[in-house]
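For what it's worth, the working numbering labels the leading residue of the sequence shown as 29, then goes sequentially. Cβ atoms here follow ideal geometry from the backbone N, Cα and C, with glycine treated the same way. Below is one structure, written out as structure tokens; comments come after it.
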Amino acid sequence: MSSDTTSPREQWEQAFNASPTRDAEFTTLSGIPIDPVYGPEDGDFPGQYPYTRGPYASMYRSRLWTMRMFAGFGTAEDTNWRFKEIIKAGGTGLSTAFDMPTLLGLDSDDPM
């Protein structure tokens with residue numbers, strides 16, 4: 029980040045200002061503007077250790093969260109086809125639905 033002479037808020041502001049942002053208005057349903065960060069003056073900012081407020085200074089103002097669809101089929105070919113369809117439809121992440129033995133760390137043909 030920056031030297032120890034700058035406060036965590038100043039370090040966060042520098043990182044936030046250097047981050048790309050989406051062209052969007054951030055308001056509540058009542059139209060009240062939402063600030064990019066809320067928190068104490070000296071710590072716990074997004075993009076700063078221990079990352080309790082998130083890993084990026086600008087968080088979802090610069091990029092949306094990953095849109096994941098949970099999918100899986102009987103064959104690798106069918107699953108591959110479905111994943112390609114999800115990506116084509118705008119999905120930004122994939123979560124594979126494995127069979128129960130695999131989820132439990134067993135061989136997929138284990139009788140359980």
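Inter-stretch contact at 8 angstroms, needing at least 3 Cβ pairs: the stretch 90 to 104 / the stretch 118 to 137: yes
Three CB pairs or more closer than 8 angstroms across the stretch 102 to 118 and the stretch 76 to 85: no
Quickly, what does DSSP pair R96 with across the bridge? List them, please. G121
Three-way DSSP call (helix, strand, coil) for T107 in this model: helix
Within its chain, find whatever has a CB closer than 6 angstroms to the CB of P48; leave out the 5 residues flanking it on each side and keep chain order. S90
From P129, F44, P36, A52, residue whose alpha carbon lies closest to that of Y77: P36
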